[in-house]
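The opening residue of the sequence shown carries number 6 in our numbering; numbering runs sequentially from there.
Don't be surprised by glycine CBs; every beta carbon is placed ideally from N, CA and C.
Computed from a predicted structure; not experimentally measured.
Notes follow once the structure below has been shown.
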Amino acid sequence: MSSTPPAPTPARVPSYAAVLRAPHARRTFGAGLLGRLSNGVAPLSLLLSVKAATGSYATAGTALAALGLTAVLLSPARAALVDRYGPSRALPPLVLGYATLLAVLAAVSARPGVPGAVLVVLAGAAGMTTPPLGPVTRALWSRTLTDRDLLRRAYSLDTVAEELLFVTGPLLVGLLLLAAAPPAGLALGAALVLTGGLLLSPRRSPGPSRARRRPAPPVPSPRDRGRAASGGRRPGRPPWACAWGPWSCW
6 MSSTPPAPTP ARVPSYAAVL RAPHARRTFG AGLLGRLSNG VAPLSLLLSV
56 KAATGSYATA GTALAALGLT AVLLSPARAA LVDRYGPSRA LPPLVLGYAT
106 LLAVLAAVSA RPGVPGAVLV VLAGAAGMTT PPLGPVTRAL WSRTLTDRDL
156 LRRAYSLDTV AEELLFVTGP LLVGLLLLAA APPAGLALGA ALVLTGGLLL
206 SPRRSPGPSR ARRRPAPPVP SPRDRGRAAS GGRRPGRPPW ACAWGPWSCW
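Structural data, given as structure tokens:
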């Protein structure tokens, strides 16, 4: 009497809790979310702040467009800086610059009658320094998680949480407007990106050029050692044979 073999059980998919139990995972996840929450708070706060300062939706829309346009157009340049110098050196200056410009926008837009061109220029400058917190977070996931299934689960968790930030951010701005003026949202965005971005920055992250090791020099063959002993000439060649350069010795 033959018995059929049991059906193979599918591979167990790691849970989100298993991702957060990994070393340094909670700090990476929390800091990345805290810094990226600014992306859901700052744009709407900028639109409302410029509208309140200038009384013009056209100027407010232009400032918001300047922020988004410079952020998108210069994203390859910011990514190249992170690739070249590493997150520990490239990310803090971007975070500090972006947070400072958001704070300046909050202070300037709090004054009624400010020229709209000033706000548009400041918004464009803030977009130029927008830190790439999302790509840096995913790069840190790939460095800290060696298991491929766990890494895919971490990417899924990060994607879902990032989508929720764009819902949570405007809701937070709406609650803030119940007790404060629109520029307070810009100040909150500056505080969020400053705290989360600096916590996310790794302490040491050497760039690709420093991480590469120089190849070991080749071991000279007996023929090469004989040529070196003869002053770089083939045996039997007169000294003037190398007068036209080292290539003439061979």
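Three-state secondary structure (DSSP) of S206: Start at 1 with the first residue of the sequence shown, and residue 206 comes out as number 201. DSSP places S206 in coil when its eight states are reduced to three.
Hey, how far is the Cα of P48 from the Cα of L69? One-based indexing of the sequence shown puts residue 48 at position 43. One-based indexing of the sequence shown puts residue 69 at position 64. When rounded, the distance between both Cα atoms is 7 Å.
Y62 to L51, Cα distance in whole Å? Stepping through the sequence shown from its first residue, residue 62 is reached at position 57. Stepping through the sequence shown from its first residue, residue 51 is reached at position 46. Cα-Cα distance, rounded: 11 Å.
Starting from the C-beta of G139, find all residues in its chain whose C-beta is less than 7 Å away, skip the five residues before and the five after it, and write them out in chain order. Taking the sequence shown and counting its residues from 1, the one referred to as residue 139 is at position 134. For G139, where only same-chain residues beyond five positions count, the Cβ hits under 7 Å are R41 and E167.
Under a Cβ-count criterion, where at least 16 other Cβ atoms within 10 Å of its own Cβ denotes burial, should A36 be classed as buried or exposed? Walking along the sequence shown from the start, residue 36 turns up at place 31. Result: buried.
Classify Y103 as helix, strand or coil using the three-state DSSP reduction. Residue numbering aside, residue 103 sits at position 98 when the sequence shown is read from its first letter. Helix, per DSSP.
Would you call P187 buried or exposed, if buried means 16 or more other Cβ atoms sit within 10 Å of its Cβ? Along the sequence shown, read from residue 1 onward, the residue named residue 187 stands at position 182. Buried, by the Cβ-count rule.
Is Y21 helix, strand or coil by DSSP? Within the sequence shown, residue 21 is the residue found at index 16, counting from 1. Three-state result, Y21: helix.
S80 versus P137 - alpha carbon distance: The sequence position of residue 80 within the sequence shown is 75, counting from 1. The sequence position of residue 137 within the sequence shown is 132, counting from 1. Using only the alpha carbons, I get a separation of about 8 Å.
Quick one: Cα of L193 to Cα of V46, how far? On the sequence shown, position 188 is the one that residue 193 refers to. On the sequence shown, position 41 is the one that residue 46 refers to. Taking the straight line from one Cα to the other gives about 8 Å.
Taking just the CA atoms, how far does P175 sit from L169? If you number the sequence shown from 1, residue 169 lands on position 164. If you number the sequence shown from 1, residue 175 lands on position 170. Looking at the two C-alpha atoms, the distance is approximately 11 Å.
What alpha helix (DSSP H) runs, 4 residues minimum, are completely inside the region 79-135? 80-90, 92-114 and 121-133
Would R116 and L99 be called neighbours here (beta carbons separated by less than 9 Å)? As a position in the sequence shown, residue 116 is number 111, starting the count at 1. As a position in the sequence shown, residue 99 is number 94, starting the count at 1. Going by C-beta atoms, R116 is not nearer than 9 Å to L99.
Check for me: the alpha helix (DSSP H) holding L169 runs from which residue to which? Stepping through the sequence shown from its first residue, residue 169 is reached at position 164. Per DSSP, L169 belongs to the alpha helix (DSSP H) from R153 to L182.
Report, in whole angstroms, the separation of the C-beta atoms of L150 and P207, which I expect to be a contact under 8 Å. Residue mapping note: residue 150 aligns to position 145 of the sequence shown, counting from 1. Residue mapping note: residue 207 aligns to position 202 of the sequence shown, counting from 1. No, L150 and P207 are not in contact; Cβ-Cβ is about 15 Å, not under 8 Å.
Same chain, Cβ closer than 7 Å to V123, neighbours up to 5 away in sequence not counted: Position 118 of the sequence shown, counting from 1, holds the residue named residue 123. Taken in chain order, the residues that qualify are V113.
First and last residue of the alpha helix (DSSP H) that includes R26? For the purposes of this step, residue 26 is taken as residue 21 along the sequence shown, with counting starting at 1. Counting along the chain, R26 falls outside any alpha helix (DSSP H), and DSSP gives it neither H nor E.
Near V119, what residues of its chain come up, given a Cβ to Cβ distance below 6 Å and the 5 sequence neighbours on each side ignored? The sequence position of residue 119 within the sequence shown is 114, counting from 1. So the list reads A58 and V113, once near-sequence residues are dropped.
Kindly list the residues whose CB is nearer than 7 Å to the CB of G73, restricted to its own chain and excluding five residues on each side of it in sequence; keep chain order. Taking the first residue of the sequence shown as position 1, residue 73 is located at position 68. Contacts found: G132.
Taking only three categories from DSSP, how would you classify L150? Working through the sequence shown from its first residue, we reach residue 150 at position 145. Coil.
Can you give me the C-alpha to C-alpha distance between D191 and N44, rounded to a whole angstrom? The residue labelled residue 191 in the question sits at position 186 within the sequence shown. The residue labelled residue 44 in the question sits at position 39 within the sequence shown. Going by the sequence as given, residue 191 is Leu instead of Asp. If you take the alpha carbons of L191 and N44, they lie about 11 Å apart.
L256 and A23: beta carbons closer than 9 Å? Because the chain here runs from 6 to 255, residue 256 falls outside it and cannot be looked at.
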